[in-house]
Amino acid sequence: MRAHNWWLGLGLPAAMVWCVAVSTSMPSWFDPSEDCALTAGRASDHGVTTHSRWFPPRATCDFGGGDVYQFISPGRSATLSVIGVLVALVVVVGMVQWVKALFRTGGVIRAAEAIDLQQRKVAHLATGVVAGALGTGALFLLFVVGVIAGGAPGMVVALLISVFGLAGLASALDRAHGPLPSTAAQSRRRGTLAAVLALASSAAGMVPRSPIPQLAFVMLGAAVFMITVAVQWALPRPSILVPGDKPATAGPSAAAPR
Numbered sequence: 001m002r003a004h005n006w007w008l009g010l011g012l013p014a015a016m017v018w019c020v021a022v023s024t025s026m027p028s029w030f031d032p033s034e035d036c037a038l039t040a041g042r043a044s045d046h047g048v049t050t051h052s053r054w055f056p057p058r059a060t061c062d063f064g065g066g067d068v069y070q071f072i073s074p075g076r077s078a079t080l081s082v083i084g085v086l087v088a089l090v091v092v093v094g095m096v097q098w099v100k101a102l103f104r105t106g107g108v109i110r111a112a113e114a115i116d117l118q119q120r121k122v123a124h125l126a127t128g129v130v131a132g133a134l135g136t137g138a139l140f141l142l143f144v145v146g147v148i149a150g151g152a153p154g155m156v157v158a159l160l161i162s163v164f165g166l167a168g169l170a171s172a173l174d175r176a177h178g179p180l181p182s183t184a185a186q187s188r189r190r191g192t193l194a195a196v197l198a199l200a201s202s203a204a205g206m207v208p209r210s211p212i213p214q215l216a217f218v219m220l221g222a223a224v225f226m227i228t229v230a231v232q233w234a235l236p237r238p239s240i241l242v243p244g245d246k247p248a249t250a251g252p253s254a255a256a257p258r
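The sequence shown begins at 1 in UniProt numbering and counts up one residue at a time.
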C-alpha cells in the first residue's frame, strides 16, 4: 500500500470515530433539554437552552438565571480538541499525497502486446458495474451513519471515505483491467474520474425531492461508472512514450510499445 493510502486509511476512519465521540459527548439530539436535566441532576427540563459547537468541542446547558452547566467538561473538550487536530493533520497529509500522486508524470508504462484487449475491456466493464454499485451503496450507508452518529462533520467524513475509497478501488481495477498502454498514474487518474462521476450522480439522486426513485441512485452510480469506463476505453491511446515514461520489462503484458 502506498504512503498516501496509509495516511488516508488511518486518518479517515479515525476522523469518523472522532465525530462519533464528539457527537455522543453532546446532549442527545432527540431531547437535549431532558438529557441536560438528567446529566446535571436537575428536577425539571423546563426552559432549558442548549448551546453546542464542534470545535473546540463544547456543550452547555442554560437553566436560566445564570445557572449554566458544562455538559462537556473542559478536560474532555481539550482532549478531543488535541485528538481532532492530530487526526485532521493525518487526513490533510494523506489528501496532499493523493493529489501529488494523481498528477505525477512518468513511470513504467504497460504496453498492449500479447494482451487480449477485448477480454480485458469486458472484465473492466463488468467489475466496474459492481464497483460502482458497491461504492454508491456505501456512500448511502456512510451518509446515514454520518447524519445519525457524527452530525455535519460526520457527513463530510463519510463523503471523503466514499470518494477516496471508490477512487482507490477504481484505480486498482483500471490498473488490472484498464486500457493499454498506460502508466500507474494514468490508471489512477482514470479511476478517480470514474469514481467522482459515479458518486456525484448518485449523490444527486439522494437529495430531497429528487425525481430519481428511492435506491435507484445505486443503479445510476453503477451505470455512470460503466459509461465512464467505456468512454475511457473508446478514447485513442498514445502509441509512444511521453517524457518521463520508461517501458516495462517484466513479462509479455508489460513489454514496451513499439
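In this text, a Cβ means the ideal position worked out from N, Cα and C, and glycines have one as well.
query: CA-to-CA distance, Val82 to Gly168, given in whole angstroms; result: 29 Å
query: Per DSSP, the bridge partner or partners of Val68; result: Asp62
query: Whole-angstrom distance between Asp116 and Pro252, CA atom to CA atom; result: For Pro252, the pLDDT reaches just 41, beneath the cut-off of 50, and the residue's location in the model is therefore unreliable, although a value from the coordinates is still provided. Cα to Cα, the separation comes out at about 12 Å.
query: Residue nearest to Phe55 in terms of C-alpha spacing, selected from Met26, Val48, Cys61, Val163; result: Met26
query: Lys121 to Met155 span [Cα, whole Å]; result: 35 Å
query: Check: Gln70 C-beta below 7 Å from any heavy atom of the ligand MN; result: Among the ligands in the structure shown, none appear at all, so the ligand MN cannot be discussed.
query: Continuous beta strand (DSSP E) stretch holding Ser52: start and end; result: 49 to 53
query: Nearest-angstrom Cα separation, counted from Thr60 out to His177; result: 55 Å
query: Secondary structure of Thr183, DSSP reduced to three states; result: strand
query: Reduced DSSP category for Phe30 - H, G, I as helix; E, B as strand; rest coil; result: coil
query: Inter-residue spacing [alpha-carbon to alpha-carbon] between Gly75 and Pro57; result: 11 Å
query: Contacts around Ser77, its chain only, beta-carbon distance under 7 Å, and the 5 residues preceding and following it disregarded; result: Pro56, Pro57, Arg58
query: Touching by the beta-carbon criterion (3+ pairs, under 8 Å), the stretch 6 to 16 and the stretch 89 to 99; result: yes
query: Backbone secondary structure at Ser77 - three-state DSSP; result: helix
query: Helix, strand or coil at Thr105 [DSSP, three-state]; result: coil
query: Assigned secondary structure, Gly178 (DSSP; H/G/I helix, E/B strand, else coil); result: coil
query: Given 8 Å, three or more beta-carbon pairs between the stretch 215 to 232 and the stretch 148 to 165; result: no
query: For Asp116, three-class secondary structure by DSSP; result: coil
query: Residue range of the alpha helix (DSSP H) that includes Leu220; result: 216 to 234
query: Simplified DSSP assignment, three categories, for residue 270; result: The requested residue 270 is not part of the displayed model; the chain covers only 1 to 258.
query: Through-space distance from Val22 to Arg175, alpha-carbon basis; result: 39 Å
query: Nearest-angstrom Cβ-Cβ length linking Ala131 and Leu180, presumed shorter than 8 Å; result: Going by Cβ atoms, the distance from Ala131 to Leu180 rounds to 19 Å, so no, they are not a contact pair.
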